[in-house]
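Numbering (our numbering), first residue to last: -19 to 169.
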């Protein structure tokens, strides 16, 4: 009995427990974009420009995810080095399968918790296939106009409050001026 228990324990300890992630296959001939919930170790495979590619999620944080992008994985080239990058809400990855300078796929971080991340895989659309990044000055201009509008609304509210407070004080003053005359008349009678 002890020998069989020892043998089973030795067998269980000798097994390597592999915590491999899931593999998700995307077909961009069906849909131009996919939003996928991924955990650490999960990978996404997709065919672009006649080559099979994969994205592996290395690490997930609340503000982003570390990924590894493997280009043309079906080729027998052992010297291929993956591209390691971090994607966040402010920084996305542009994947160029053919290395021709045109973006073939955008990999965009959407949201995450401590164990999983929501990542959008999207084909570029429109005549300019690359996502356009607006200059910082445009955002500053938009924020300035928005802040100016908020300031204007706040000033109007403050002036209305002051107007109503002063109007009420004026009405109370008029009542106070008129009421002593009535009080003195009541006392004389």
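Ideal placement from N, C-alpha and C gives every residue a C-beta, glycine not left out. What you are looking at is a predicted structure, and each value in this text was computed from that prediction instead of being measured.
Item                                                                                                                                                                               : Value
Residues in the same chain with beta-carbon distance under 6 Å from residue 34, minus the five sequence neighbours each way, listed in chain order, please.                        : 23, 25, 50, 53
Based on Cα-Cα distance, which residue from 126, 46, 8 lies nearest to residue 84?                                                                                                 : 8
List, from N- to C-terminal side, the beta strand (DSSP E) runs of 3 residues or more that fit wholly inside the region 61 to 109.                                                 : 63 to 68, 73 to 75, 85 to 92, 96 to 102
DSSP three-state call for residue 15: helix, strand or coil?                                                                                                                       : strand
Would residue 136 be called buried (16 or more neighbouring beta carbons within 10 Å of its own) or exposed?                                                                       : exposed
Could you check if residue 144 is buried or exposed, using at least 16 other CB atoms within 10 Å of its CB as the buried criterion?                                               : exposed
Taking 6 Å as the cut-off, is the CB of residue 64 close to at least one heavy atom of the ligand SAH?                                                                             : The ligand SAH is absent from the structure shown, which contains no ligands of any kind.
Any idea if residue 133 is buried or exposed, counting beta-carbon neighbours within 10 angstroms, 16 or more meaning buried?                                                      : exposed
Leaving out five residues on either side along the sequence, give the residues of the same chain with a beta carbon under 7 Å from the beta carbon of residue 103.                 : 8, 12, 13, 85
Is the separation between the beta-carbon of residue 66 and that of residue 46 shorter than 7 Å?                                                                                   : yes
Cutting at 6 Å between CB atoms, please list the residues of its own chain near residue 90, excluding the five before and the five after it.                                       : 98, 100
Give me whichever residues DSSP pairs with residue 157 in a beta bridge.                                                                                                           : Its beta-bridge partners do not exist; DSSP assigns none.
If I measure Cβ to Cβ from residue 43 and keep anything under 7 Å in the same chain, skipping five residues before and after, which residues do I get?                             : 68
Relative to the C-alpha of residue 41, which candidate in 93, 105, 153 has its C-alpha closest?                                                                                    : 93
Count the other C-beta atoms from every protein chain shown that fall within 10 angstroms of the C-beta of residue 87, then say buried if there are 16 or more, exposed otherwise. : buried
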